[in-house]
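Below is one structure, written out as structure tokens; comments come after it.
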Amino acid sequence: MGIDYIVPEFEVDRNEQRCIHCRVCECQCANEVHSYSKEAGIMLSDETRCVNCQRCVSLCPTRALKIVKNPCSFRENANWQPDLIKEVYRQASTGGVLLSSMGTPKPYPVYWDRILINASQVTNPSIDPLREPMETKVFLGKRPEKISRDPEGNLITKLPPQITLSMPVMFSAMSYGSISYNAHASLARAATKLGILYNTGEGGLHEDFYRYGPNTIVQVASGRFGVHEGYLEAGAAIEIKMGQGAKPGIGGHLPGAKIVGDVSRTRMIPEGTDAISPAPHHDIYSIEDLRQLVYSLKEATNYEKPVIVKVAAVHNIAAIASGIARSGADIIAIDGFRGGTGAAPTRIRDNVGIPIELALASVDRRLRDEGIRGNVSLVVGGSIRCASDVVKAIALGADACYIATAALLALGCHLCRTCHSGKCNWGIATQRPDLVKRLNPDIGSERLVNLMNAWRHEIMELMGGMGINSIEALKGNRLMLRGVGLSGKELEILGISHAGE
Ligand code: SF4
Ligand code: SF4
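Per this note's numbering, residue -16 is the first one in the sequence shown, and the count goes up by one each step.
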């Protein structure tokens, strides 16, 4: 063994006065950081393994533990930041591609934080959502150019299939395999209680979850794992995954170690084999090819389900979206580059793609300019963190938002960004039965319902403050937004004025 060039990132700070040697920390840490020395009668720590997931800190009964950033630092260097130096050491010892989880932690601009929302004063009265009606319901899907009614007022026009949501938020794709059975159960139950949808991701649909079908989006990705007729029919909508914000341009890889038991059965692949989704769909090389898949899926489900095409936000996203809107798809989902993932090559996650705010604004404008905005609904994800992000996204032109990281945080995720290790101490990104049990789906679904109810209320308050009483009236209403600290070009792309104008 050579020298370990990387000093531990975190230190375990154990207060010996408080520690009662109960060994709870030892049981709770799947990374085996803590151990008990009988000879010395003390708890020991192997800090090289700590990922700062805070599990032991949260469960220590005497609050004896703190995980602190190791103050040991490299000599200051504005060019060679510590992370870059450590990555070179890591690659020099392993020769491998660096893997990461969750969204990029790099300090790219978060445009949501540079956009401010309007409020009514004096002339245009605000609306009190506690006393006056407020509509947060949204319908996703194609809109007919005109509708006709018979003399009794009944609708004659046959409407294309639609999704109805009680609020403009859905749980984004997270596959069974990348997250646990109990995490999926929590999402499915919460979506059903809330009247919104959750998304299977590319891992198929476990047989226990078919009963949540009316609140499920079933995904068809390039690996086609777990895709069969019953699966397509089970969902309320079908999503073709062309790309993902955290790793545009590449496929997916779930290691064989995670393809066990139910995960292997649900994916319809043998236990222990790596689940590799190719970078492209091998039958799609053009919008015409995409159109064929869209219509194959519609044909297979009797034209009763809306088809979503999900793409990563990349440089020419407006032109790509224009093609998708003409492909027959009902909904386009755009995933920004700050979006989360169970596992992605670090270089891709941190350097490829564009922010969702700019992608959304340019797609909405392009589709309007081309007169095809009504062909599709737009759903955006890739770091929607709170209710005001949702409101800003709707005002920039989205019909609804996808959330994933925020939903996992509600389930207890502490953003340690080591989902790819399979040792999630919070029972979320793991298939180890002892860890999966740590997430109780009754509690998980209740926390998700609470989160969404809180957001719904905040969305109503923000809309009421603007004097707007429905999501429909907020949609694409960029006059309600102002930028702060943005360049002329950024404001032009976002299609908003600067604060003070
Ligand atoms: S990995 Fe998590 S549980 Fe283990 S020592 Fe670090 S913070 Fe505690
Ligand atoms: S899901 Fe688990 S492993 Fe992944 S970031 Fe959250 S706490 Fe860490």
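Each residue gets a CB set at the ideal place from its N, CA and C atoms; glycine is no exception.
DSSP places valine 373 in the helix class (H, G or I) of the three-state scheme. By the Cβ-count criterion, methionine 117 is buried, with 16 or more other Cβ atoms from all chains shown falling within 10 Å of its own Cβ. Taking the Cβ of serine 18 as the reference point, every heavy atom of ligand 2 lies at 8 Å or farther away.
DSSP places lysine 49 outside any alpha helix (DSSP H); the residue lies instead in the beta strand (DSSP E), whose first and last residues are 48 to 52. Beta-carbon to beta-carbon, isoleucine 367 and alanine 389 are separated by about 7 Å, close enough to satisfy the 8 Å threshold. Closest in alpha carbon position to glycine 209, among Phe320, Ile242 and Gly364, is Ile242. Arginine 465 has Leu99 and Ser480 as its beta-bridge partners, per DSSP. Taking each of Arg351, Gln414, Pro416 and Pro338 in turn and checking the Cα distance to proline 90, the smallest one comes out for Pro338. About 12 Å separates the beta carbon of valine 16 from that of arginine 6, a gap too long to meet the 8 Å contact definition. Annotation for histidine 211: Met251 place their beta carbon closer than 8 Å to its own, counting only its chain and skipping 5 residues before and after.
CA-to-CA, the gap between methionine 225 and glutamate 271 works out to about 14 Å. Straight through space, the alpha carbons of valine 294 and serine 310 are spaced by roughly 14 Å.
In this structure, glycine 478 lies near leucine 379, with their beta-carbon atoms less than 9 Å apart. When Cβ pairs closer than 8 Å are counted between the two stretches, the segment 87 to 104 is seen not to touch the segment 418 to 426, the count staying below three. Within the same chain, and ignoring the five residues on either side of leucine 170 in sequence, the residues whose Cβ sits closer than 6 Å to its Cβ are Phe154 and Tyr181.
For histidine 236, the enclosing beta strand (DSSP E) covers residues 235 to 237. Residue pairing by DSSP puts asparagine 182 in a beta bridge opposite Ala156 and Ile200. Taken in chain order, the whole beta strand (DSSP E) runs of length 3 or more contained in the segment 70 to 116 are 98 to 100.
Under the three-state reduction of DSSP, serine 260 is assigned to strand. Relative to ligand 1, leucine 48 has its C-beta within less than 8 Å of a heavy atom.
DSSP places tyrosine 164 outside any beta strand (DSSP E); the residue lies instead in the alpha helix (DSSP H), whose first and last residues are 164 to 177.
Remark: C-beta atoms of alanine 387 and methionine 157 approach each other more closely than 9 Å. Using a cutoff of 8 Å, the CB of leucine 391 counts as near ligand 2, since one of the ligand's heavy atoms is closer than that. Judged by DSSP secondary structure, isoleucine 331 falls within the alpha helix (DSSP H) whose first and last residues are 329 to 334. With a cut-off of 8 Å on Cβ pairs, the segment 112 to 126 is in contact with the segment 449 to 467, counting three or more such pairs.
When Leu188, Arg430 and Gly365 are compared, the shortest CA-CA separation from glycine 322 is found for Gly365. Shown here, methionine 446 sits in a helix according to DSSP, grouped into three states.
Approximately 6 Å separates the beta-carbon atoms of valine 201 and isoleucine 221; this is inside 8 Å, confirming the contact. For leucine 474, the CB contacts under 8 Å within the same chain, skipping 5 residues up- and downstream, are Gly466, Ser480 and His481 in chain order.
The alpha-carbon of methionine 449 is positioned some 21 Å away from that of methionine 435.
The C-alpha of threonine 183 is placed about 21 Å away from the C-alpha of histidine 265.
Of all alpha-carbon atoms in Ser28, Arg1, Gly213 and Asp347, the one lying nearest the alpha-carbon of alanine 302 is that of Asp347.
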